[in-house]
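Here's the structure, in C-alpha cells; my notes come after.
Number of protein chains: 2
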Amino acid sequence: MAKYDSHLDQIFAALADPTRRAIMDRLSRGPATTSELAAPHDMAMPSLLGHLAKLEGAGLITSTKSGRTRTYTRTDAAFMPVQNWLGQQSDLWTRRLDQLEDYARQLAKDRANGT
Amino acid sequence: MAKYDSHLDQIFAALADPTRRAIMDRLSRGPATTSELAAPHDMAMPSLLGHLAKLEGAGLITSTKSGRTRTYTRTDAAFMPVQNWLGQQSDLWTRRLDQLEDYARQLAKDRANGT
DNA sequence: ATCATACTTAGCCATTTTCCTAAGTATTCA
DNA sequence: TGAATACTTAGGAAAATGGCTAAGTATGAT
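One line per chain: the protein sequences are Z and V, in this order.
Per the numbering used here, the very first residue in the first sequence carries number 8; after that it's consecutive.
Per the numbering used here, the very first residue in the second sequence carries number 8; after that it's consecutive.
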C-alpha cells in the first residue's frame, strides 16, 4: 500500500522507535561500531542489528566493514526528506523564522525600555 | 514492548503511513468532516477512522462532533516535537544556514572573478 | 593451529498494525 | 413515524514488527 513516497514511509517508521532514535542520537556525535552502538541497549545483538538494518534501509545511516568490525555513520542530510515534507505541510520554516523575529523584536523592545 | 510510550513515538508512527500523511496534507488546507477526509481514499470507513484515531492520539489533529458529523482540524504547532528533535539531532538549522553562507560566499567569489 | 572476537544468519514467537465485513447508534429529512 | 445519512463499534484475518535463542562465518591474536 505504499502509494508512492515509500522513502518517507521508511524514514518516519525508522524514527518511530526510541532505540533507533537513540542510535541516531549517538551517531550524530560521530561514527561508531556495531558493538559500541549496542552497548547502551539491554538487547540481544540480533535485535539491535535489526534496528541498524532498518535505519540503513531508510537511508539514515551507512556502514562499512573493515576487518571484523562494521562502522556506522550518519548519512549526510539524512533528515532532508522529513524537513521538506514538514516545510510543505505547514511552512514551518517560515513560521519558525517569524517566531525568531518576534522574539528578537521583543528583546529589542525590552532593552529600549531598560527592563 | 514499547518501553515507555513517548509522544515522539506516536507522532513518527502516525506519519509513517501515506494515507495519514495525505490526511494531514488535506487538513493543512483547512478543517474537514470525516466523509470529506474519507472521499479520496479507496478504503472502508472503519479503516479510515482508525487512521484518524491514530492521528488524534498522536495529538496531530483534534475533532468535534456537531449533530451527526464530526469535523477534524489540524492541531496548532502539531509538528513542533518533531522539529525540536530534528534540531537537537544535527543542528540542522545551523547546518543549513552554514550551507547558505558557503553558497553565498562562493557566489561572491565567482562574481569577483567575473566567472 | 587454536581460540577469542565481532558480527551474521536462521528460525521462532508474541504483539501490533491495517485492512475488512457486519451490525449498531444517533441525527436529520420527508 | 419511517427512511436515509453519518458515523461507531465489534470482531476477525493477514502481514509486519520487535524481541529472543542457537548456531554459523570471518578475522585477529597467541
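Yeah, the Cβ is synthetic: ideal placement off N, Cα and C, and Gly gets one too.
Keep in mind it's a predicted model, so treat the numbers as computed, not measured.
Query	Result
Cβ of V:L93 within 8 Å of any chain Z Cβ	yes
Status (buried if at least 16 other CB within 10 Å, exposed otherwise) for V:M52	exposed
Classification of V:A45 by the beta-carbon crowding that lies within 10 angstroms, buried from 16 upward	buried
Rounded C-alpha distance that separates Z:S70 from Z:L22	18 Å
Neighbour-count burial assignment, Z:T76, 16 or more Cβ in a 10 Å radius	exposed
Sequence-distant residues of the same chain with beta carbon closer than 6 Å to V:P38, five excluded per side	T78, T80
V:T42 (DSSP reduced to helix, strand or coil)	The amino acid occupying residue 42 of chain V in the given sequence is Ser; Thr does not appear at that position. Residue state, collapsed to three classes: helix.
C-beta neighbour in chain Z for V:M31, strict 8 Å	yes
Beta-carbon proximity check, Z:I68 vs Z:L34, cutoff 8 Å	yes
Z:F19 beta carbon less than 8 Å from that of V:L93	no
Cβ-Cβ distance between Z:H58 and Z:T26 below 8 Å	yes
Supposed close pair Z:M31, V:Q96 - CB separation, criterion 8 Å	6 Å
Minimum C-alpha distance to V:S13 - residue among V:M50, V:P47, V:G64	V:G64
Element boundaries [alpha helix (DSSP H), containing V:R33]	25–34
Outcome for Z:K72 when other beta-carbon atoms lying within 10 angstroms are tallied against a minimum of 16	exposed
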